[in-house]
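With mature numbering (1 follows the signal peptide of the UniProt record, and there is no 0) as the guide, the letters of the sequence shown map in order to residues -20 to -1, 1 to 211.
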Amino acid sequence: MNHQIVVLAFIFSLLSLSLAQCTGALTNSSHQVSVSWMVVGENSVSFTFTAPANSSTYTSLAISDHAVLLNNIDVVYAGDNETTNFVEDRWIVNFMSLYDKQQDIEDTSTLLTDDDLLMVNFTRPIISTDEAQDTNLNACKYLIWAYGGTVESFKYPKFTFQNLPRAFGTFNGQICLQYCGVSPSPSMSLMSSSTPTVSPSSQTPSAATNNHPVIFIILFAIVLLSCTLHI
Ligand SMILES: *[C@@H]1O[C@H](CO)[C@@H](O)[C@H](O)[C@H]1NC(C)=O
Ligand SMILES: *[C@@H]1O[C@H](CO)[C@@H](O)[C@H](O)[C@H]1NC(C)=O
Ligand SMILES: *[C@@H]1O[C@H](CO)[C@@H](O)[C@H](O)[C@H]1NC(C)=O
Ligand SMILES: *[C@@H]1O[C@H](CO)[C@@H](O)[C@H](O)[C@H]1NC(C)=O
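Okay, structure coming up:
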């Protein structure tokens, strides 16, 4: 009986480790920037990005193949002056920030706090149909933050050389969603809690739908379980 409990505990820890790939968080506390994400559908990931801002500046979060700012970068810009806000899907090409014709972000919202931090929420596809202007998240990518550039108008914001960000940097870590095409299910909301305390009966079937590492780990655990019980 004790063996079974130990093995089950082991399976749970492996399961939550594997599922944890589909949610994540990175932070740079010295710059007061943070980002967290959660896969919320088969091809859908929600982001919460927080960075310093005020009623005349914007923040942005870029998704990149490289740890440094290069040309051709997929970026989301956001600003909020307490009357109006914007969250835009853009693309940096030749050091100009261009508005994507296809806006592949939804469920956008912003909140400018009294201590001059802007929280930005948006949901985007893991693999976008906008091949030319979006970076897919089907491999590990870097996340680059930038803030402090000014915006003259929050209604139709323009981004030029005059309003380059005051600070930018790369989060120390990557986002890796290649195994996270998970169908939305009730257990997804349980997964989002920071301490995964999910029962196996509710989690195993849905997570296994098309999450290959989970299937692998379950098989591994079954083998392990049968070995342990024979000892
Ligand atoms: C907003 O921040 C910018 C850059 O940090 C600063 O120059 C500007 O004075 C600030 N504006 C307000 C309204 O606080
Ligand atoms: C952003 O999403 C997080 C997590 O769902 C939520 O707690 C927060 O209130 C949202 N913020 C805004 C500005 O919508
Ligand atoms: C916010 O921006 C909009 C559009 O640029 C402008 O009309 C409005 O007056 C601004 N509000 C504040 C409080 O700055
Ligand atoms: C925070 O960002 C700065 C500037 O990009 C960098 O020098 C520093 O090492 C970062 N700190 C962490 C903990 O990532």
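Virtual Cβ for every residue (Gly too), placed ideally from N, Cα, C. This one's a predicted model, so the numbers in the text were calculated from it and none came from an experiment.
Looking at the unbroken beta strand (DSSP E) that takes in residue i, where does it start and where does it end?
{"i": "glutamine 154", "result": "147 to 155"}
{"i": "threonine 63", "result": "Premise fails: threonine 63 is in no beta strand (DSSP E) and is neither H nor E."}
{"i": "tyrosine 159", "result": "Where tyrosine 159 is concerned, there is no enclosing beta strand (DSSP E), given that its DSSP letter is neither H nor E."}
Sort the options by Cα distance to residue i and report the nearest one.
{"i": "serine 35", "options": "Pro145, Glu132 and Thr140", "result": "Glu132"}
{"i": "serine 108", "options": "Thr39, Asn8 and Asn23", "result": "Asn23"}
{"i": "leucine 148", "options": "Gln142, Thr39 and Gly4", "result": "Per the sequence shown, residue 148 should be read as phenylalanine rather than leucine. Among Gln142, Thr39 and Gly4, the Cα nearest to that of phenylalanine 148 is on Thr39."}
{"i": "alanine 112", "options": "Ile124, Asn101 and Trp71", "result": "Trp71"}
{"i": "valine 13", "options": "Gly21, Pro137, Leu41 and Gly4", "result": "Leu41"}
Going by DSSP, name the residue or residues bridged to residue i.
{"i": "phenylalanine 134", "result": "Answer is none; phenylalanine 134 lacks a bridge partner."}
{"i": "threonine 39", "result": "Ala58 and Tyr127"}
{"i": "leucine 97", "result": "Pro32"}
{"i": "tyrosine 122", "result": "Ser44 and Gln154"}
{"i": "glutamate 86", "result": "Thr103"}
{"i": "alanine 5", "result": "Ser16"}
When the Cα atoms are used, what is the spatial distance from residue i to residue j?
{"i": "tryptophan 17", "j": "isoleucine 53", "result": "19 Å"}
{"i": "methionine 168", "j": "cysteine 160", "result": "Reliability of the predicted coordinates at methionine 168 is poor, the pLDDT of 42 falling under 50, and the value obtained from them is presented with this limitation in mind. Spanning the two alpha carbons is a distance of roughly 12 Å."}
{"i": "serine 44", "j": "valine 25", "result": "16 Å"}
{"i": "leucine 6", "j": "phenylalanine 66", "result": "23 Å"}
{"i": "proline 166", "j": "aspartate 69", "result": "Residue placement at proline 166 cannot be trusted, given a pLDDT of 45 that sits under 50; what the coordinates show is reported in the next sentence. In a straight line, the C-alpha of proline 166 is about 29 Å away from that of aspartate 69."}
{"i": "glutamine 83", "j": "aspartate 95", "result": "30 Å"}
{"i": "asparagine 143", "j": "proline 137", "result": "11 Å"}
{"i": "phenylalanine 27", "j": "phenylalanine 139", "result": "22 Å"}
{"i": "glycine 153", "j": "threonine 63", "result": "35 Å"}
Which residues have their C-beta within less than 6 Å of a heavy atom of ligand 1, listed in chain order? One residue list follows from the rule of a beta carbon closer than 6 Å to any heavy atom of ligand 1, given in chain order as Asn34, Ser35, Ser36, Thr37, Gly128 and Arg146.
Near ligand 4, which residues have their beta-carbon less than 6 Å from any of its heavy atoms, given in chain order? Those residues are Asn8, Ser10, His11, Gly149 and Asn152, given in chain order.
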